[in-house]
Amino acid sequence: MQSTADGSAGSSNKTQFQDNIQRLTKVWAAQEANRLKASGGTEDAKVYMEVKYEGKQNGPFQGKLVSQGTIISIDGEDYVENRVLIKP
1 MQSTADGSAG
11 SSNKTQFQDN
21 IQRLTKVWAA
31 QEANRLKASG
41 GTEDAKVYME
51 VKYEGKQNGP
61 FQGKLVSQGT
71 IISIDGEDYV
81 ENRVLIKP
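First residue of the sequence shown? That's 1 in UniProt numbering, and the numbers climb one at a time after it.
Right, here's the structure in full:
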């Protein structure tokens, strides 16, 4: 059994961990934005809500800004989820 002191220390560690993750995510986004500006590619890649979208030169998403694929499972079957950024 944990004492209340151990429980509050664990809660404090979780809070500190989440704060560090948020801070590092902001740093990564700023670095990525600077890297994209330096490459001169305004349409080659974009970052929105901490998701990086890159231009694809071939395949089914040719000419579109697409995020890195994420594997998801629906009804026991695996799929790759891609997010596509398009202008209306």
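Cβ atoms here follow ideal geometry from the backbone N, Cα and C, with glycine treated the same way.
Burial state of residue i, where buried means 16 or more other Cβ atoms lie within 10 Å
i, result
"Val-66", "buried"
Residue closest to residue i, alpha-carbon to alpha-carbon, out of the options
i, options, result
"Trp-28", "Ser-73, Met-49, Ser-11, Gly-69", "Met-49"
"Gln-62", "Ile-72, Glu-77, Asp-44", "Asp-44"
Within-8 Å CB hit, residue i to chain B
i, result
"Tyr-53", "In the displayed structure, chain B is absent; only one protein chain is listed."
| query | Okay, do the region 74-87 and the region 52-66 touch, 3+ Cβ pairs below 8 Å being the bar? | reply | Touching, yes, given that three or more Cβ pairs across the two stretches are closer than 8 Å.
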